[in-house]
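Residue numbering for the sequence shown follows the working numbering, beginning at 1075 and increasing consecutively. Cβ coordinates follow ideal geometry from the N, Cα and C atoms, glycine included.
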Amino acid sequence: MIEQRDWVGTPDADAAAELIAAAPLDLTEKQWEGTLVALVAVMEAAFRRAGLDEEQATRLALAGMLAQAEYAGGRQIYIPQGMRLRNALRDAEIYRRAKRGNIAQLVTEYGLTEVRVYEIIRQQRQLHLARVQRNFDF
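Given below as structure tokens:
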């Protein structure tokens, strides 16, 4: 089995917990507000690990949370963990980067077969089309 490459430099659970504990935000700890604090802290920690300074990381974390709230505010959404999430993000990145002539590069970079890369592109295309073309049942 090929080991999955960590192409986003994602911290493991312990590293993320350490980063969150090291720089807690001073916000009210009500139920949803506590979750918001944790989500902002996780995003901020990820941006810090990517090399941004504290101010930039905080600004981007807050902007990211505002964007998520505009998209999914008030709804419960499911986000998987572990390899399922990492593979889904990898697949979205492969689709975003796929162009004619660069499939061999993607195969090498992600350690996948050519057939698997084409399957991913097909699946992602269907997901993206479904997102922009609503299913009209007349």
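DSSP places L1186 outside both helix and strand once states are collapsed to three, so it counts as coil.
Residue E1188 holds the alpha-carbon nearest to the alpha-carbon of N1176 among A1166, D1165, E1188. In the structure shown, the three-state DSSP call for Q1200 is helix.
Buried is the label assigned to L1180, since at least 16 other Cβ atoms lie within 10 Å of its Cβ. When the beta-carbon positions are compared, A1178 and Q1198 stay at least 8 Å from each other. With contacts defined by Cβ atoms closer than 8 Å, Y1184 and I1195 do not form a contacting pair. Bounds of the alpha helix (DSSP H) holding N1161 are 1156 to 1171. With a 10 Å radius around the Cβ and a threshold of 16 neighbouring Cβ atoms, A1204 comes out exposed.
Across the structure, G1156 and V1116 are spaced so that their CA atoms are roughly 15 Å apart.
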